[in-house]
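Residue numbers (numbering that gives the first Met the number 0): 0 to 120. Since the structure comes first, as structure tokens, the remarks are kept for the end.
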Amino acid sequence: MSHPSLGLPQFVTSRHSADAARRLREAAPRLAARALEVALDADPTLRDRYDETGLRERLHDAELLVERVALSVGQDDPLPAREYADWTATTYRRKRVPMDDLISLCRGLQAALPGVLAPGE
0 MSHPSLGLPQ FVTSRHSADA ARRLREAAPR LAARALEVAL DADPTLRDRY DETGLRERLH
60 DAELLVERVA LSVGQDDPLP AREYADWTAT TYRRKRVPMD DLISLCRGLQ AALPGVLAPG
120 E
């Protein structure tokens with residue numbers, strides 16, 4: 000990963016990818032809500048496993064995921080999203096949240112992204 004103190008060059012973002020990342024960040028609450036809706040439709044047991052607070056936590060998780068995807072889009076590099084998935088695995092395990100729930104949120108986000116990004120972005 001690029002880091003100035005390591006002597007590696009800064010990430011160069013194109014104007015196009017920076018615009019796409021900006022649109023993702025602006026739409027983050029809407030995208031996260033849609034991702035959670037899709038996840039709940041795909042797996043109705045989520046409503047049974049989580050109370051209102053738990054669903055709000057999953058909504059927050061989806062917003063954080065949108066931010067990492069925006070970072071990846073802005074840098075034109077999948078590394079930030081991949082790192083986020085690696086980092087959150089232990090947190091989910093500690094909170095006793097199944098990784099399948101994060102996967103459901105990812106699939107929901109994948110379904111919601113075409114509303115913000117054009118094909119090829």
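By construction, the Cβ of each residue, glycine as well, lies at the ideal position given by its N, Cα and C atoms.
Given this structure, state the Cα-to-Cα distance separating residue i from residue j, to the nearest angstrom.
| i | j | result |
| --- | --- | --- |
| His59 | Ala31 | 8 Å |
| Val37 | Arg14 | 31 Å |
| Ala19 | Pro43 | 32 Å |
Count the other CB atoms within 10 Å of the CB of residue i; is the residue buried (16 or more) or exposed (fewer)?
| i | result |
| --- | --- |
| Arg21 | exposed |
| Arg57 | buried |
| Ala41 | exposed |
Going by DSSP in three states, residue i sits in which element: helix, strand or coil?
| i | result |
| --- | --- |
| Ala117 | coil |
| Val96 | coil |
| Pro79 | helix |
| Asp42 | coil |
| Tyr49 | coil |
If contacts are defined as beta-carbon pairs under 8 Å, then residue i and residue j qualify, I think. What distance do you get, rounded to the angstrom?
| i | j | result |
| --- | --- | --- |
| Glu120 | Val72 | 7 Å |
| Leu108 | Leu64 | 6 Å |
| Glu62 | Pro28 | 7 Å |
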